[in-house]
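First comes the structure, then the notes that go with it.
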Amino acid sequence: MGLPMRLAVKIGTHLVRQRIRGTAKFPMIMELEPLFACNLKCAGCGKIQQPASLLKQRMPVEQAVAAVEECGAPMVSIAGGEPLMHPQIDRIVVELLRRRKFVVLCTNAVLLRKHLHRFRPHRDFAWMVHIDGLKERHDESVSKDGVFDEAVDAIRAAKAAGFAVYTNSTFYNTDTPETIRETLDYLNDELGVDRMEIAPGYAYEKAPDQDRFLGVQQTRDLFRQAFAGGRRRRWRLNHSPLYLDFLEGRREFACTPWGVPSYSLLGWQKPCYLLADGYAASWKELLETTDWDAYGRGRDPRCDNCMAHCGYEPTAVLATTQSLRESLRALAG
């Protein structure tokens, strides 16, 4: 299964407009980080390693909305940090929905039940709950016991309240094909989430644990075995078929870093969500001052083991739209 039909239409319409205009570099999804603060200390994340003064800051609603409008992406993924720690996060969501953006609010779900009443179900809104495995593996990943049970309870509460709920699962070299299958089976069949995203862990420079990240061949072997037997077709995965082919090593793509740009309290991050080689004050400045040719596998060693969807899903989507066969395959999914 690929993207939800409504979201696929939004992104497809956006792609057509950019092609008509002859735009070479344009965003598909924008990563918005209105804060860096978080209530967890996950072993594979380096976001809370920011200075204490920066962790106290919260992006004003007007600044967040202006950045989204400047960028022009049809979909916004609000991350952090933990977005539910932002006192005006509900206002940010409402303002983006008014502008007809598809909004996904990423959360570890610890605060979700407490703040659920501040939001209303909407056809262009979904929660994205981070789940890195079943109980023991997830709690170990977030470095705190009991978080898995809190997340599951929050997902059930949100579903009962009429919200769409997605999950995002990052897998590491501590995972096996069996643990991936067990996690996705549980989320898909037992918990009944609407969509699931998956990603091989990327080696954040400031992550507390640097020994858990996957290499390219490890990633391909892991997902090829996890997907064996046609399993991926029965899971409600929120990815294009070509990106899943890429994870299995059946396709090779170049990264499209401007396809999912990241905007935070520091500005537009160069060149992408995963690397921080400086910041630009505007979207135009990001496009014009970033040396895009300096990044990617074989160009920058930091990119050599990256297979994250923020860089390669846009490439896969573009490849899909350029092929009638792949377009039909995506629709059939």
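The opening residue of the sequence shown carries number 0 in my numbering; numbering runs sequentially from there.
All C-beta atoms, glycine included, are put in the ideal place defined by N, C-alpha and C.
Every value quoted in this text rests on a predicted model; they were computed, and no experiment measured them.
Check: Where does Gly258 land, buried or exposed, given buried means 16+ other C-beta within 10 angstroms?
Finding: buried
Check: Going by beta carbon distance, what residues of the same chain come within less than 7 angstroms of Pro73, once the five residues before and after it are set aside?
Finding: Lys9, Ile10, His13, Lys100 and Phe101
Check: How would you label Asp344, buried or exposed, when you count the other beta carbons within 10 angstroms and need 16 or more for buried?
Finding: Because the chain in this structure spans residues 0 to 332, residue 344 falls outside the shown range and cannot be described.
Notebook entry, point to check: What residue from Pro120, Glu181, Gly161 and Gly191 has the CA that sits closest to Lys134's CA?
Noted result: Glu181
Margin query: Suppose you measure from the CA of Ala7 to the CA of Ala23; what does that come to, to the nearest Å?
Written below: 20 angstroms
Checklist line | Terminal residues of the alpha helix (DSSP H) in which Thr320 lies | finding: His308 to Thr320
Next item on the list: If I'm right that Tyr262 touches Ala125 with Cβ under 8 angstroms, what's the distance once you round it to whole angstroms?
Entry: Not confirmed; about 20 angstroms, so no contact.
Notebook entry, point to check: Would a C-beta distance cut-off of 9 angstroms place Glu247 and Arg223 closer than the cut-off?
Noted result: yes
Next item on the list: Compute the Euclidean distance between the alpha carbons of His85 and Ser322, then round it to the nearest angstrom.
Entry: 42 angstroms
Next item on the list: Give the range of the alpha helix (DSSP H) segment to which Ile88 is assigned.
Entry: Ile88 to Arg97
Item checked: Collapsed DSSP secondary structure at Thr173 in the structure displayed -> coil
Next item on the list: Pull up the distance between the alpha-carbon of Lys40 and that of Lys283, whole angstroms please.
Entry: 34 angstroms
Item checked: Euclidean distance between Cα positions of Ile88 and Ala108 -> 14 angstroms
Item checked: Outcome for Lys46 when other beta-carbon atoms lying within 10 angstroms are tallied against a minimum of 16 -> buried
Next item on the list: Give the DSSP bridge partners of Tyr278, in chain order.
Entry: Gln268
Margin query: On the DSSP letters alone, give me the boundaries of the alpha helix (DSSP H) that Val215 sits inside.
Written below: Val215 to Phe226
Notebook entry, point to check: Can you list, in chain order, the residues of its chain whose CB lies under 6 angstroms from that of Val146, leaving out five sequence neighbours each side?
Noted result: Asp138
Next item on the list: Specify, as a first and last residue, the run of the alpha helix (DSSP H) that Met29 falls within.
Entry: Segment Ile28 to Leu31 is the beta strand (DSSP E) holding Met29; no alpha helix (DSSP H) there.
Next item on the list: Could you name the residues of the same chain whose beta carbon sits closer than 7 angstroms to that of Gly80, not counting the 5 residues immediately before and after it, in chain order?
Entry: Glu32, Leu34, Phe35, Ala36, Cys37 and Lys46
Next item on the list: For Cys305, write down the residues that DSSP places opposite it in a beta bridge.
Entry: In the DSSP output, where bridge partners are listed per residue, Cys305 has none listed.
Checklist line | the region 270-279 / the region 210-220 touching (three or more Cβ pairs under 8 angstroms) | finding: no
Next item on the list: With a threshold of 16 other CB atoms inside 10 Å of the CB of Thr175, please say whether the residue is buried or exposed.
Entry: exposed
Notebook entry, point to check: Tell me which same chain residues have a C-beta within less than 6 angstroms of the C-beta of Arg57, skipping the five on either side of it?
Noted result: Leu34 and His85
Notebook entry, point to check: Helix or strand or just coil, what does DSSP make of Pro199?
Noted result: strand
Next item on the list: Would you mind stating whether Leu221 and Glu196 have Cβ atoms separated by less than 9 angstroms?
Entry: no
Item checked: Limits of the unbroken alpha helix (DSSP H) element including Thr12 -> Met4 to Arg20
Next item on the list: Using DSSP bridges, identify the partner residues of Arg194.
Entry: Tyr165
Notebook entry, point to check: Where does Met335 land, buried or exposed, given buried means 16+ other C-beta within 10 angstroms?
Noted result: Residue 335 lies beyond the range of the chain shown here (0 to 332); nothing can be said about it.
Notebook entry, point to check: Per DSSP, Val129 is paired with what?
Noted result: Strictly speaking, residue 129 in this sequence is His, with Val absent from that position. Paired residue(s): Asn167.
Next item on the list: State yes or no: is the C-beta of Tyr242 within less than 9 angstroms of the C-beta of Glu312?
Entry: yes
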